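Notes follow the structure.
2 protein chains.
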Amino acid sequence: MTPEEGWRLIEESRARIDALDRKLVELLNERTRMVERIGRAKAELDLPVKESNREDDVFRNVLGHNAGPIPPDALRRVFERIIEEMRELQGMRRQSSGTP
Amino acid sequence: MTPEEGWRLIEESRARIDALDRKLVELLNERTRMVERIGRAKAELDLPVKESNREDDVFRNVLGHNAGPIPPDALRRVFERIIEEMRELQGMRRQSSGTP
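Encoded structure:
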């Protein structure tokens, strides 16, 4: 690989990453809207905000559809962060822990 | 909203989240492949594995294309996790910190 070829490959890969990241942002916002919708329905029905079974389902879905190269542990940590941020947004943690 | 309507809405939203999550997994794996490709090109060209300017570009791209409802801070933390996991994968941290 010549330096020119190497740099072209790097620049192309970065442009692809930037496009992927914009799509990730879009999907994360769509996911947030769904979480908010569920939160509103639960509030109206007076249902508990957090169900640990549902969280297991999310991880089962994600890890069961991982073709790699991301290792399962890394993927799990990324989704833990996503779930955590969305729970924060809804103030779910505060409500579910029972603290004022 | 009747309980039946509420539950239907929750189930539909969850199915949508599961589909979004599978798409997120796909994009994260594609992103990982691009990061690996860059890593290989850099190794061949003997370039430093980490460039902090590039990381700034990634956050600028992501935050500049965020239409919400995710707040910028939450989105930044999600991408910090993604970048961190991908750097780990490449053993970039070990190399860039200079420890054996």
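Order-wise, the sequence lines are chains A and B. Heads up: the first sequence begins at 120 in the numbering used here, then just goes up one per residue. Heads up: the second sequence begins at 120 in the numbering used here, then just goes up one per residue. Every residue, glycine too, gets a C-beta built ideally from N, C-alpha and C. Only a predicted model underlies this, so the values are computations on that prediction, with no experimental measurement involved.
How big is the Cα-Cα spacing for residue i and residue j?
i: residue 126 (chain A); j: residue 138 (chain A); result: 18 Å
i: residue 171 (chain B); j: residue 167 (chain A); result: 43 Å
i: residue 184 (chain B); j: residue 186 (chain A); result: 28 Å
i: residue 151 (chain B); j: residue 204 (chain B); result: 9 Å
i: residue 133 (chain A); j: residue 209 (chain A); result: 34 Å
i: residue 142 (chain A); j: residue 182 (chain A); result: 20 Å
i: residue 145 (chain B); j: residue 146 (chain A); result: 12 Å
i: residue 158 (chain A); j: residue 196 (chain B); result: 22 Å
i: residue 201 (chain B); j: residue 162 (chain A); result: 32 Å
i: residue 120 (chain A); j: residue 135 (chain A); result: 20 Å
i: residue 215 (chain B); j: residue 207 (chain B); result: Low per-residue confidence applies at residue 215 (chain B): pLDDT is 48, beneath 50, and the placement is therefore not dependable enough to give any value.
i: residue 173 (chain B); j: residue 199 (chain B); result: 13 Å
i: residue 177 (chain A); j: residue 153 (chain A); result: 14 Å
i: residue 160 (chain A); j: residue 194 (chain A); result: 29 Å
i: residue 130 (chain B); j: residue 169 (chain A); result: 15 Å
i: residue 175 (chain A); j: residue 124 (chain A); result: 45 Å
i: residue 192 (chain B); j: residue 192 (chain A); result: 24 Å
Can you tell me the Cβ-Cβ gap for residue i and residue j, rounded? I've got them flagged as a contact below 8 Å.
i: residue 122 (chain A); j: residue 164 (chain B); result: 6 Å
i: residue 188 (chain B); j: residue 155 (chain A); result: 7 Å
i: residue 140 (chain A); j: residue 180 (chain B); result: 6 Å
### Task
Using a Cβ-Cβ cut-off of less than 7 Å, give me the residues of the stretch 138-151 of chain B that come near chain A, in sequence order.
139, 140, 141, 142, 143, 144, 146, 147, 148, 149, 150 and 151
### Task
Using a Cβ-Cβ cut-off of less than 7 Å, list which residues of the stretch 176-189 of chain B approach chain A; keep chain order.
Hits within the stretch, in order: 177, 180, 181, 184, 185, 186, 187, 188 and 189.
### Message
Against chain B, which members of the stretch 124-138 of chain A pass a CB distance test of less than 8 Å?
### Response
Those residues of the stretch 124-138 of chain A that come within reach of chain B (Cβ to Cβ, closer than 8 Å) are 125, 126, 128, 129, 132, 133, 135, 136 and 137.
### Task
Anything in the stretch 195-212 of chain A with a Cβ closer than 9 Å to a Cβ of chain B? List those residues in chain order, please.
Listed by position, the residues of the stretch 195-212 of chain A near chain B (Cβ gap below 9 Å) are 196, 197, 198, 199, 200, 201, 203, 204, 205, 207 and 208.
### Query
Residues in the stretch 150-165 of chain A with C-beta within 8 Å of chain B's C-beta atoms, listed in sequence order?
150, 151, 152, 153, 154, 155, 156, 157, 160, 161, 163 and 164
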